[in-house]
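Under my numbering, think of the first position of the sequence shown as 759, with each following residue one higher.
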Amino acid sequence: MLLHEVLDESASDPAIREHPALIVDGATHTFREVQRDVAALARGVAGISDQGDTIALLAQNCYGYPLAYYGVPKAGRVLLPLNQRLHPREWASQLERARATVLLVDREHLEKFRSTLAIPDSVRTIVVLEEPAPDDLAFGRLLEEGVAGEAQLPGPNPNDPAWLMFTSGTTGRPKGVLLPHRSLLAGVRHSTLLRPMTDADVFLTAFPMCHVAGYQVITAHMRRRPAVILRRFDAADFVAAVRDHGVTTCSLAPTMLDLLLEHLRSDPEGLALVRERLRVVGYGSAPMPAPLIRRITDVLGCELNQGYGMTELCGNVTALGAGEHRAAISGEPALLASAGTPGPLARLAIMDSDGGLAPPGVAGEIVVRGEQVCAGYHDDPAASADAMAGGWFHTGDLGILGTDGRLAVVDRIKDIIVTGGENVASREVEDTLRELAGVRDVAVIGVNDDRWGERICAVVVADPQAPPTSDDLVAGCRARLAGFKTPRSFTFVEELPRTATGKVRKDELRRLFG
């Protein structure tokens, strides 16, 4: 099966084809209309590029994004979504590394790009999603040419790359992850099992679609349900989407949920609406503090679902479901330290430092096998070989599988701090600090220290209404943690640097404070 065939199956069903498939910028597009536009885009792209070319997309979330998700791979080309929050030099680097020949871009980002530096020479054609400059091609015209065109589509293979996505680069230079049709579809199928949708659900995403989390739009379409796409997260827009389009399920980052709760404090009508209609919230991309989970449950009254995954896995491979969240809040808080149980379509294990599989309860690197594992890294055979060593994908995350089968993600291996010969998981210290009064957000890093090797430093976003002192935080940590795990220094900032999907940029914090 190929990616676009998910859409084709729904659009070919007379009972479904006129149902809403996408709702973007207030406009509703049926499955039949989306299928027509995807086919037009595929033929249009085939007319301006060669088979196997990389087609880049740089834009805010928009109708063109899901069309490109399906249409570019349908044409036998590879879609490269560029993170709109990067610097133009980073866009240029990724375009050059991928040797992209076509750039689909919105006006805002094209002007930002051109005002900073020249677009790489490999890009032969620029297609502007709105009205273009005289020398550029309009997206609407490209679709029209696709409708009228006779370009022959090559019929891609399930093992051909459909998307090329660069990692966030939070621990080093971003790597280009090759995601074949077969891997993406495996991730979509797994998602339908790990987080089921009902026949009445309307799904919403506010994640930037340059991130692999965008695959959830395809998951909704596999379940023949509509997907509402917000250009960017805005709490008022979210409430409006729940009201206008009957949103019942969504995926949000913890920072988005925090903003939503703040907004609903002054919007009682919106709060009543959300409590009435919202059935389940999936969260991810960053750890969710336990106090925020309790607030969401109390205020929104909805179910929660989360899992463990990454770009290289085309989504999640575990799920911590609604029942486990309810049990955690009702008296089993240790469950909130879990990322859930591995699903049936992938095998997850813990590997020790000798390359053997660790028994339950022993920490080691999380490794995964399954069809949803990526094909490797673009133009990086050494990194691909390292990641796939021994027939497992090595995630770079430290974890523990309990005797109950649940996965606890301890930390990124590179975020383990070695201080005075002791290993400290930065995530454990962060979770402790988030429980303390006056802490809105926090990231913990290791900085060089002549005596201890590394010193634990906490970068804290304080509640402006009741900011804690360093002494308050030291006392709170010492009451909850071993002495060697207590940060030796605290830096207070207004906000933490984050990626487009909400992950803290610890590389940036180390550069600033290390």
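Don't be surprised by glycine CBs; every beta carbon is placed ideally from N, CA and C.
Taking just the CA atoms, how far does residue j sit from residue i?
i	j	result
Gly1241	Thr1177	11 angstroms
Thr1153	Ala964	26 angstroms
Phe1248	Ser1024	33 angstroms
Ser807	Ala797	16 angstroms
Ser1142	Tyr1135	5 angstroms
Gly907	Cys1008	38 angstroms
His1003	Trp849	35 angstroms
Pro1222	Asn1206	30 angstroms
Ala1116	Val1125	11 angstroms
Arg851	Ile877	It should be noted that the sequence gives Ser, not Arg, for residue 851. In a straight line, the C-alpha of Ser851 is about 10 angstroms away from that of Ile877.
Ala1195	Thr1227	10 angstroms
Val1032	Thr1013	18 angstroms
Val1262	Ser770	43 angstroms
Val960	Gly1128	29 angstroms
Gly1122	Glu903	54 angstroms
Asn1063	Arg1035	17 angstroms
Leu868	Val970	23 angstroms
Met759	Ala944	10 angstroms
Phe897	Gly1148	45 angstroms
Arg855	Gly829	22 angstroms
Ser949	Ala909	34 angstroms
Val1120	Gly1157	8 angstroms
Val803	Asp1155	38 angstroms
Glu1266	Ala785	39 angstroms
Ala1080	Glu1061	5 angstroms
Val935	Ala1166	25 angstroms
Pro1047	Ala1233	20 angstroms
Val946	Met1068	13 angstroms
Excluding the 5 residues preceding and the 5 following residue i in the sequence, name in chain order all residues of the same chain whose CB lies nearer than 8 angstroms to its CB.
i	result
Asn917	Pro938, His939, Arg940, Ala1133
Ala1085	Leu1093
Ala958	Thr1006
Ile774	Ser768, Phe789, Arg982
In the structure shown, what three-state DSSP assignment does residue i receive?
i	result
His777	coil
His969	coil
Leu760	coil
Gln1064	strand
Ser1096	coil
Gly1204	strand
Asp1265	helix
Gly810	coil
His1152	strand
Leu816	strand
Tyr823	helix
Val1039	strand
Thr950	helix
Ala1145	helix
Gly1081	helix
Ser768	helix
Val1251	coil
Thr956	coil
According to DSSP, which residues form a beta bridge with residue i?
i	result
Trp1210	In DSSP, Trp1210 forms no bridge with anything.
Thr788	Pro778
Trp921	Leu837, Leu937
Arg1127	Arg1105
Arg1256	Val1262
Phe1242	None, per the DSSP bridge assignment.
Gly898	In DSSP, Gly898 forms no bridge with anything.
Asn915	In DSSP, Asn915 forms no bridge with anything.
Thr1076	Pro1100
Gly1122	Gly1157
Leu1029	Paired residues: none, contrary to the question.
Val886	Val863, Ala896
Phe961	Ala985, Thr1007
Tyr1135	Val935
Please list, in chain order, all residues of the same chain as residue i whose beta carbon is under 6 angstroms from its beta carbon, the five residues on each side excluded.
i	result
Arg1268	Ile1203
Gly834	Gln809, Pro912, Pro914
Glu1188	Val1200, Val1202
His1021	Ala993
Ala826	Leu815, Leu837
Val782	Tyr821, Ile987
Leu900	Gly802, Val885
Arg1001	Leu1031
Leaving out five residues before and five after residue i in sequence, what residues of the same chain have Cβ atoms less than 7 angstroms from its Cβ?
i	result
Arg1238	Thr1190
Leu952	Gly1065, Asn1074, Ala1077, Gly1101
Inset, instruction - Just list the alpha helix (DSSP H) runs in the segment 970-1012, keeping only unbroken ones of 4 residues or longer that don't cross its boundaries, in chain order. - result: Taking 4 residues as the shortest admissible run, the segment 970-1012 contains the following complete alpha helix (DSSP H) segments, listed from N- to C-terminal end: 973-980, 993-1003.
Inset, instruction - Jot down the residue ranges of each uninterrupted beta strand (DSSP E) in the segment 1158-1237, minimum 3 residues, whole runs only, in chain order. - result: Counting only runs of 3 or more, we get 1165-1170, 1174-1177, 1180-1183, 1197-1207, 1211-1220.
Legend entry - Sequence ranges, beta strand (DSSP E) only - wholly within the segment 842-884, length at least 3: Within the segment 842-884, the complete beta strand (DSSP E) runs of at least 3 residues are 858-863.
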